[in-house]
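> Residue numbers (the working numbering), protein chains in the order written: chain A, 1 to 463; chain B, 464 to 926.
Below is a structure I'd like to ask you about.
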């Protein structure tokens with residue numbers, strides 16, 4: 001039950017210089033704004049930012065566990081039909097806390113998990129070819145019920161289930177997570193009698209992992225959701241102090257804002273030195289990009305704000321992206337995810353004693369090599385003037401990952417205050433959706449379709 | 464056997480304006496430099512840039528196919544032990560051309576494929592727990608034989624094979640791809656009698672996918688490597704003309720350079736509207752980052768050059784990154800990968816006729832929805848002044864993907880000329896490697912270790 005720690009030594013001017021590192025004065029200047037940001041956010045906890053309290057919703061946790069217990073052993077596969085915030089948290093926690101080869105394991109009580117977060121016909125069609133819906137539980141997730149991708153998948157798999165099992169028996173193969181009262185998916189639940197869970201009000205998609213959106217599928221595949229929630233609750237407490245240097249969410253938010261606005265680093269690289277945590281980086285990429293990537297400030301000015309999250313994996317990307325990180329433009333700052341204690345101990349055997357380029361490895365462990373490469377990369381980046389911080393996970397556990405999720409959600413909320421934008425909306429995705437509806441010929445979007453067609457370039461430039 | 468096309472209409476000033484789009488004058492000004500760059504590159508084809516000719520090395524292709532034929536049906540698993548350029552091409556082509564559920568398919572003659580391109584003990588240890596080395600062929604890939612990650616894995620799996628099968632029988636479970644004459648892995652091949660293939664001279668890791676580095680594992684899992692090579696050879700011919708507007712490699716390189724140096728867009732987003740092509744984007748990310756991310760110009764000045772590749776997946780990332788792409792800073796340009804004809808036709812069933820938010824989907828196909836969302840995203844980005852180009856794949860086939868690989872390798876070589884850097888070295892990765900050797904206690908690196916230890920910050924800043 002160790003603490004997740006943030007080591008920000010290498011992001012400071014005393015280590016990487018004042019051009020690229022944060023000075024004590026810059027941090028001090030953010031003490032007041034950080035305190036105010038925290039107060040503003042905490043004041044909304046019981047109002048519209050209900051996601052902050054998700055770790056404490058114990059009645060809901062029990063309901064999810066009761067359902068998972070009831071379903072245990074009944075299905076070979078659990079399939080999530082959801083996209084964006086309805087998928088990324090589940091992917092992150094499943095990949096962090098189950099084996100990378102979970103879906104290959106000899107089938108015990110735990111089903112395989114597939115998250116179908118795309119509608120490419122070559123993905124959906126292959127899934128139909130390979131897996132038997134009669135052995136599968138589908139968790140359909142959409143707060144509004146209007147998510148076209150998810151609803152198209154729902155219609156498809158619902159029909160296949162009915163063909164295979166009949167209408168009555170198909171019902172228990174579908175579980176719906178949607179708005180508690182309104183929307184088309186809630187209406188469908190009422191008609192069909194599907195099991196359902198709520199997406200509570202005040203819980204936007206990218207802040208929903210600790211709601212039934214993430215908890216239901218995770219509990220179904222054996223994740224210790226209570227451990228995750230305990231970690232999140234512990235971090236929630238750690239993020240109460242108003243002192244910038246004592247509160248990891250405030251400190252992290254201050255670093256992100258300073259790196260972009262004062263040190264001219266538009267890119268936030270998350271480099272996971274853990275295969276298991278790599279996809280937690282994808283979850284954070286949505287949280288950061290969708291929360292802060294905003295055209296308008298809260299007072300209505302055009303600001304075109306937002307850092308760009310870049311995801312990397314150590315040591316793998318040392319052989320792909322590290323050259324750029326070491327020698328390219330000074331336009332990035334780096335966040336390492338590091339794990340002190342892996343679950344597996346594997347020793348490198350000794351052989352070829354006369355071949356020094358190999359023999360030095362013999363008798364050492366994979367952990368030693370992995371950590372040496374991580375630390376070598378960090379030393380090299382630091383010496384090259386590239387500011388970096390490290391989240392130190394004691395191990396990859398439900399408790400440590402739960403801490404991380406809550407910390408980053410709180411941190412991003414505070415960043416919204418520093419950036420002066422609304423961190424909780426996503427107005428920029430509407431335009432593409434409306435254009436897609438128009439191109440699909442959805443009733444009501446005819447004018448937009450005509451406008452797109454008339455505005456398309458007269459001449460295509462091709463090579 | 465259709466042609467891969469590059470549609471660059473939406474990257475031009477006539478569509479997105481001169482602040483963000485390329486003007487005819489800017490393209491004209493690059494006609495001469497493009498011609499000279501092409502001549503410079505082509506002159507090195509038979510000298511040091513031997514990767515250009517890989518599609519034409521038919522004797523080698525036959526040797527690979529002969530070996531794959533000999534191994535067919537003998538193993539359940541093929542495992543690549545390689546990292547960076549020894550892994551990314553194989554991952555890209557396997558994910559593009561085999562089913563996303565290939566490893567789950569009822570075992571026919573085609574083995575599963577695993578690419579172990581990391582040394583996280585929790586990855587390596589789980590692999591050991593789950594899979595039987597006695598049913599597995601290991602392809603060990605390192606040109607130098609000094610790649611620590613790969614050699615550590617080789618030592619591990621070699622020992623497990625010997626324990627399980629005895630020394631004599633283990634030999635046929637290992638195939639080595641390394642330098643033809645020198646290096647420690649070549650020496651090991653001689654001692655052990657392993658099957659081996661060469662990494663030819665003049666073929667750097669990130670340009671090696673069409674050498675035995677990629678061809679051997681791909682042939683072993685049933686990829687039509689001749690089709691891929693034919694596509695690459697066809698593109699090689701299409702990239703001969705010296706006219707910028709007639710040569711896709713010259714045009715693509717000119718766009719990349721202009722977007723970064725004239726339009727101030729340091730990020731190159733590759734957004735694959737194809738689940739299958741998503742990991743081809745990872746391959747390109749290495750090619751672009753490692754080739755252009757350079758501190759020094761060829762005349763020795765500090766330039767700290769290089770675009771940052773950002774990988775995205777449509778439609779999935781419409782629900783994650785699109786908000787930022789639409790409304791964030793104007794610091795990106797976008798390359799869509801689009802597929803005209805998917806392999807699977809899946810229709811969305813009709814249901815709930817009275818619920819309009821769902822019923823409009825009934826009777827349409829997943830392809831229609833997928834393409835409408837892609838085109839909607841493209842229209843919306845274009846209207847928001849975000850320049851974009853589209854690679855149009857007629858389908859995801861060996862021939863089309865082969866075209867793409869050769870095009871981008873040639874394009875990146877030309878970019879190197881425009882950027883004025885050496886696109887074929889990677890000096891920036893040495894510092895991290897040496898620091899890792901020092902931290903591992905490898906003989907000969909004691910001084911560096913002492914220096915790292917004495918230079919480490921006196922005080923850690925933690926929260």
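For glycine and all other residues, C-beta sits at the position ideal for the given N, C-alpha and C.
Under a CB-based cut-off of 8 Å, is residue 930 of chain B close to chain A?
The question about residue 930 of chain B has no answer, for chain B in this structure spans 464 to 926.
> When DSSP builds the beta bridges, which residues end up paired with residue 831 of chain B?
Answer by DSSP bridge pairing: none, since residue 831 of chain B is not bridged.
> State the beta-bridge partners of residue 101 of chain A as determined by DSSP.
In DSSP, residue 101 of chain A forms no bridge with anything.
> Would you mind working out which of B:801, B:841, B:673, B:540 sits nearest residue 431 of chain A, comparing C-alpha positions?
Of the candidates B:801, B:841, B:673, B:540, the one whose C-alpha sits nearest the C-alpha of residue 431 of chain A is B:841.
> Mind listing which residues of the segment 853-887 of chain B have their C-beta closer than 9 Å to chain A's C-betas, in chain order?
Per Cβ criterion, the list reads 855, 859.
> Can you find the residues in the same chain that come closer than 7 Å, C-beta to C-beta, to residue 152 of chain A, ignoring five residues on each side of it along the sequence?
So the list reads 119, once near-sequence residues are dropped.
> Residue 316 of chain A versus chain B: which residues are under 7 Å apart at the beta carbon?
546, 580, 581, listed in chain order.
> Pick out the complete alpha helix (DSSP H) segments inside the segment 790-864 of chain B, 4 residues or longer, and give them in chain order.
819-822, 829-846, all fully within the segment 790-864 of chain B.
> Bridge partners of residue 540 of chain B, per DSSP?
In DSSP, residue 540 of chain B forms a bridge with B:575, B:599.
> Identify each residue in the segment 333-346 of chain A for which the Cβ-Cβ distance to at least one residue of chain B is less than 9 Å, and report them in chain order.
Correct list: 339, 342, 343, 344, 345, 346.
> In three-state terms, what does DSSP make of residue 190 of chain A?
DSSP places residue 190 of chain A in helix when its eight states are reduced to three.
> List the endpoints of the continuous alpha helix (DSSP H) containing residue 903 of chain B.
Taken as a continuous stretch (DSSP letters only), the alpha helix (DSSP H) holding residue 903 of chain B covers 893-903.
> Taking Cβ positions, are residue 183 of chain A and residue 50 of chain A nearer each other than 8 Å?
Contact flag unset, no.
> Are residue 123 of chain A and residue 116 of chain A close, meaning C-beta to C-beta below 8 Å?
Yes, the Cβ-Cβ distance between residue 123 of chain A and residue 116 of chain A is below 8 Å.
> Starting from residue 530 of chain B, trace the alpha helix (DSSP H) both ways and give me its first and last residue.
Where residue 530 of chain B is concerned, the enclosing alpha helix (DSSP H) stretches over 521-534.
> If we ignore side chains and look at the alpha-carbon of each, how far apart do residue 353 of chain A and residue 359 of chain A end up?
Their Cα atoms are separated by approximately 5 Å.
> What residues from the segment 435-447 of chain A come within 9 Å of chain B, judged by C-beta to C-beta, listed N to C?
Those residues of the segment 435-447 of chain A that come within reach of chain B (Cβ to Cβ, closer than 9 Å) are 435, 436, 437, 438, 439, 440, 441, 442, 443, 444.
> Hey, out of B:773, B:879, B:923, B:865, whose CA is closest to residue 464 of chain B's CA?
Closest by alpha carbon: B:865.
> Grab the span of the alpha helix (DSSP H) containing residue 221 of chain A for me, first residue to last.
Unbroken run through residue 221 of chain A: none, as it is neither H nor E.
> So that I know if they touch, is there some Cβ in chain A lying closer than 8 Å to that of residue 496 of chain B?
Not closer than 8 Å to any Cβ of chain A, the Cβ of residue 496 of chain B fails to qualify, so no.
> Residue 662 of chain B bridges to which residues according to DSSP?
Note: residue 662 of chain B sits in a beta bridge opposite B:642.
> Which of helix, strand or coil does DSSP assign to residue 733 of chain B?
Here residue 733 of chain B sits in strand by DSSP.
> To the nearest angstrom, how far is it from the Cα of residue 541 of chain B to the Cα of residue 631 of chain B?
Answer to the nearest angstrom: the Cα atoms are 20 Å apart.
> Given a threshold of 16 other Cβ atoms within 10 Å of its Cβ, counted over all protein chains shown, does residue 190 of chain A qualify as buried or as exposed?
By the 10 Å Cβ count, residue 190 of chain A comes out exposed.
> Taking three-plus beta-carbon pairs below 8 Å as touching, is the segment 257-266 of chain A in contact with the segment 84-99 of chain A?
The answer is no - the segment 84-99 of chain A does not touch the segment 257-266 of chain A, with fewer than three Cβ pairs under 8 Å.
> Per DSSP, residue 313 of chain A forms a beta bridge with which residues?
DSSP output for residue 313 of chain A lists A:272 as bridge partner(s).
> Quick one: is residue 246 of chain A buried, meaning 16 or more other Cβ sit within 10 Å of its Cβ, or exposed?
Looking at its Cβ environment, which holds fewer than 16 other Cβ atoms inside 10 Å, residue 246 of chain A is exposed.
> Taking Cβ-Cβ distances shorter than 8 Å, what residues in chain B pair up with residue 141 of chain A?
Near residue 141 of chain A there are no residues of chain B at all, since even the closest Cβ is about 12 Å away, more than 8 Å.
> For residue 795 of chain B, tell me which candidate among B:483, B:881, B:861 has the shortest Cα-Cα distance.
Looking at the Cα atoms, B:483 is the closest of the given residues.
> Suppose you measure from the CA of residue 296 of chain A to the CA of residue 421 of chain A; what does that come to, to the nearest Å?
Cα-Cα distance, rounded: 7 Å.
> Give the residues of chain B in contact with residue 462 of chain A, contact being defined as C-beta atoms less than 9 Å apart.
Correct list: 468, 469, 470, 471, 472, 855.
> So is residue 91 of chain A in contact with chain B if we call contact Cβ pairs under 8 Å?
Taking Cβ atoms only, chain B never reaches closer than 8 Å to residue 91 of chain A, which makes this a no.
> Tell me which residue opens and which closes the alpha helix (DSSP H) that residue 126 of chain A is part of.
That run of the alpha helix (DSSP H) goes 121-130.
> Who does residue 53 of chain A pair with in a DSSP beta bridge?
Its beta-bridge partners do not exist; DSSP assigns none.
> Do residue 562 of chain B and the ligand COA come close, with the Cβ less than 7 Å from some heavy atom?
What this structure holds is no ligand at all, so the ligand COA is not there to describe.
> Would residue 851 of chain B and residue 793 of chain B qualify as a contact pair, given that the criterion is a beta-carbon distance under 8 Å?
No, they are not a contact pair.
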